[in-house]
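These notes concern the structure reproduced below.
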Amino acid sequence: MPKLVRAAVLTNYLEVTQYLGFNPRDVLAGVGLSKALLQAPEHRIPIDAAVRLLEDSAAASGCQNFGLSMAESRQLSDFGVVSLLLSHQRTLRDALQVVVHYRHLMNDSLAIFIEEAGKMVIIREEVVTDSPMPSRQATELAIGVMFRLCAALLGSHWHPYSVNFTHQPPDNLQLHRRLFGCTLEFGSEFNGIVCAGASLDMTNANADPAMARYAQSYLDSLQSHQGTSMLFEVRKAIYLLLPMGRATIEQVAQSQGMNVRTLQRRLKDDGCAFNDVINDVRRDLVLRYLDNPNYTLGRIADMLGYSMASSFTRWFISQFGMPPATWRVQKQGSAKAPTDAAPPKPY
Numbered sequence: 001m002p003k004l005v006r007a008a009v010l011t012n013y014l015e016v017t018q019y020l021g022f023n024p025r026d027v028l029a030g031v032g033l034s035k036a037l038l039q040a041p042e043h044r045i046p047i048d049a050a051v052r053l054l055e056d057s058a059a060a061s062g063c064q065n066f067g068l069s070m071a072e073s074r075q076l077s078d079f080g081v082v083s084l085l086l087s088h089q090r091t092l093r094d095a096l097q098v099v100v101h102y103r104h105l106m107n108d109s110l111a112i113f114i115e116e117a118g119k120m121v122i123i124r125e126e127v128v129t130d131s132p133m134p135s136r137q138a139t140e141l142a143i144g145v146m147f148r149l150c151a152a153l154l155g156s157h158w159h160p161y162s163v164n165f166t167h168q169p170p171d172n173l174q175l176h177r178r179l180f181g182c183t184l185e186f187g188s189e190f191n192g193i194v195c196a197g198a199s200l201d202m203t204n205a206n207a208d209p210a211m212a213r214y215a216q217s218y219l220d221s222l223q224s225h226q227g228t229s230m231l232f233e234v235r236k237a238i239y240l241l242l243p244m245g246r247a248t249i250e251q252v253a254q255s256q257g258m259n260v261r262t263l264q265r266r267l268k269d270d271g272c273a274f275n276d277v278i279n280d281v282r283r284d285l286v287l288r289y290l291d292n293p294n295y296t297l298g299r300i301a302d303m304l305g306y307s308m309a310s311s312f313t314r315w316f317i318s319q320f321g322m323p324p325a326t327w328r329v330q331k332q333g334s335a336k337a338p339t340d341a342a343p344p345k346p347y
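Counting from 1, position 51 in the sequence shown corresponds to residue 51 in the UniProt record's numbering; the numbering is continuous, with no gaps.
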């Protein structure tokens, strides 16, 4: 069964297409969506359709910043019923914990990990889909929305060090600079925001503990009716932990608040094993990494959890039928010289 998310993840989509003078009818139909569906924010739509819509719309409209354009005008209220609880959290740290805890009521495809690094904090984000696909626009939308959330809660006190993307920069960075106003790192090893740890503990002057308790009680009543797939939750955890060298079964189990045996049992109930899941995530990530010319094969091997490049090469051949260097050369060649022949299929 495909992973479903609220149609609200595409808030401002129609407004951006109108601003660009772009008719989205064909791209909407191409992914099985319609304008009517997007105008019902609580309606559930397949995450793969939403991500593909953003990529197709960026390509068809010629707007490389399509996803970020949607994020620019997002408001706290666009988080739906969770927005009331968010607005009354004492600190940004508390608000981020709310986002993680109630993600099933917002965007269940978004994986978030808060990493403490000395006096700095890295807010890592990944958009996880059911099938491997480009997600540049969805990633920029997600990070843009997170940035807007932090700014809404901290106001003029929100001064992150950098915003990081694993993909390459667009031709025009004007929108990125206007929205983020800080250092932009493209070709990074992670997607997310780097800020001072002290920022997470600044007090929200508008917080009301009584309203927060009321909102949490209401949200808990809603969440009790929401089902979740352990398999999908594990995939999201691996997406975040693998490039950090921490995607062991022990670390993943801890991230889900359970012991290893319980995790193994839950995955078995979903018809799979931990090694199968981590292999699937590696297949997804390696294609993204190979598309980035700034990543050497050695760096890619390390980000996928291989201490030796030779081990990475053997794994890649077993999965795709050729060495990673050969795959990268063929992929680059097919992109530079379009022909009637199809490029080599990695899966």
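Backbone N, C-alpha and C fix where the C-beta goes; we use that ideal spot for every residue, glycine too. Note that the structure is a prediction, hence the values are computed from the model and not measured.
Can you list, in chain order, the residues of its chain with a C-beta nearer than 8 angstroms to that of residue i? Leave out the 5 residues immediately preceding and following it.
| i | result |
| --- | --- |
| R44 | L4, V5, R6 and A7 |
| S188 | N164, F165 and T166 |
| V234 | V252, Q256, L263, L267, F274 and V277 |
| A59 | none |
| L269 | It is worth fixing the name first, because residue 269 is Asp in this sequence and not Leu. Excluding positions up to five away in sequence, the list reads M230. |
| V98 | V82, L85, L86 and Q89 |
| S162 | C182, T183, L184, E185, I193 and V194 |
| P323 | T313, F316 and I317 |
How would you call residue i, buried or exposed, if buried means at least 16 neighbouring beta carbons within 10 angstroms?
| i | result |
| --- | --- |
| V100 | exposed |
| G144 | buried |
| L267 | buried |
| Q18 | exposed |
| Q75 | exposed |
| S57 | buried |
| N204 | buried |
| P46 | buried |
| L173 | exposed |
| M146 | buried |
| R124 | buried |
Going by Cα to Cα distance, which pick from the options is closest to residue i?
| i | options | result |
| --- | --- | --- |
| M303 | F79, L290 and L242 | L242 |
| Q64 | M106, V16, I300 and S77 | V16 |
| R103 | L86, V260 and Y295 | L86 |
| S131 | Y161, D284, G271 and T313 | D284 |
| V194 | T262, I249, F113 and P169 | F113 |
| M133 | T262, V286 and E185 | V286 |
| L33 | Y306, N279, L53 and S135 | L53 |
| N279 | I249, Q39, A142 and D94 | I249 |
| residue 348 | G181, E116, H176 and G30 | Since the displayed the chain opens at 1 and closes at 347, residue 348 lies outside it and no answer follows. |
| L20 | V9, Q39, M70 and A50 | M70 |
| residue 348 | V51, G118 and A301 | Here the chain has residues from 1 to 347 only, and residue 348 is not among them. |
| L231 | A301, S109 and E115 | S109 |
| V281 | A152, F316 and F22 | F316 |
| W327 | S310, L297 and A40 | L297 |
How many Å lie between residue i and residue j at the Cα?
| i | j | result |
| --- | --- | --- |
| L92 | V121 | 12 angstroms |
| E42 | A325 | 45 angstroms |
| R246 | V277 | 15 angstroms |
| V82 | S318 | 44 angstroms |
| D201 | P160 | 14 angstroms |
| T313 | Y295 | 15 angstroms |
| F66 | R261 | 43 angstroms |
| G62 | P24 | 13 angstroms |
| V27 | L14 | 12 angstroms |
| A95 | G321 | 46 angstroms |
| L184 | G271 | 41 angstroms |
| Q169 | N292 | For the record, residue 169 in the displayed sequence is Pro; it is not Gln. Straight-line Cα distance between these residues: approximately 11 angstroms. |
| Y289 | D48 | 20 angstroms |
| Q36 | S77 | According to the sequence shown, residue 36 is Ala rather than Gln. Looking at the two C-alpha atoms, the distance is approximately 21 angstroms. |
| M308 | A117 | 26 angstroms |
| A196 | C150 | 12 angstroms |
| G155 | G181 | 13 angstroms |
| P2 | A29 | 18 angstroms |
| S199 | D171 | 32 angstroms |
| D259 | R265 | What sits at residue 259 in the sequence shown is Asn, not Asp. Rounded to whole angstroms, N259 to R265 spans 10 angstroms at the Cα level. |
| A40 | R299 | 43 angstroms |
| S221 | L68 | 33 angstroms |
| A152 | Y214 | 21 angstroms |
| Q254 | S311 | 27 angstroms |
| Q226 | F22 | Here the model assigns Q226 a pLDDT of 49, short of 50, so the residue's position is not dependable and the matter cannot be decided. |
With a CB to CB cut of under 6 angstroms and the five nearest residues on each side skipped, what residues in its chain are close to residue i?
| i | result |
| --- | --- |
| H88 | A207, D208, M211 and A212 |
| T139 | V127 and N191 |
| E72 | L179 |
| A111 | E126, V128, K236, Y239 and L240 |
| E55 | P134 and Q137 |
| H157 | M202 |
Under 7 angstroms Cβ to Cβ from residue i, same chain only, skipping five residues before and after it: list those, please.
| i | result |
| --- | --- |
| L219 | V81, V82, L85, Y102 and L105 |
| Q216 | L85 |
| G305 | L242, G245 and A247 |
| Q332 | none |
| F79 | L86 and M106 |
| L38 | A7, L10, Y13 and L14 |
| R148 | A71 and R74 |
Can you give, in chain order, each stretch of the beta strand (DSSP E) that sits fully within the segment 69-127 and has at least 3 residues?
The segment 69-127 contains these whole beta strand (DSSP E) runs: 110-117 and 120-127.
Which ranges would you report for the beta strand (DSSP E) in the UniProt domain "HTH araC/xylS-type" (232-330) if only whole runs of at least 3 residues count?
Counting only runs of 3 or more, we get nothing.
Enumerate, from N- to C-terminal direction, the unbroken alpha helix (DSSP H) stretches of 4 or more residues contained entirely within the segment 127-215.
Correct list: 136-154, 174-180 and 197-200.
Ignoring anything shorter than 3 residues, give me the beta strand (DSSP E) runs that lie fully in the segment 4-53, in order along the chain.
Qualifying beta strand (DSSP E) stretches, in chain order: 4-6 and 44-46.
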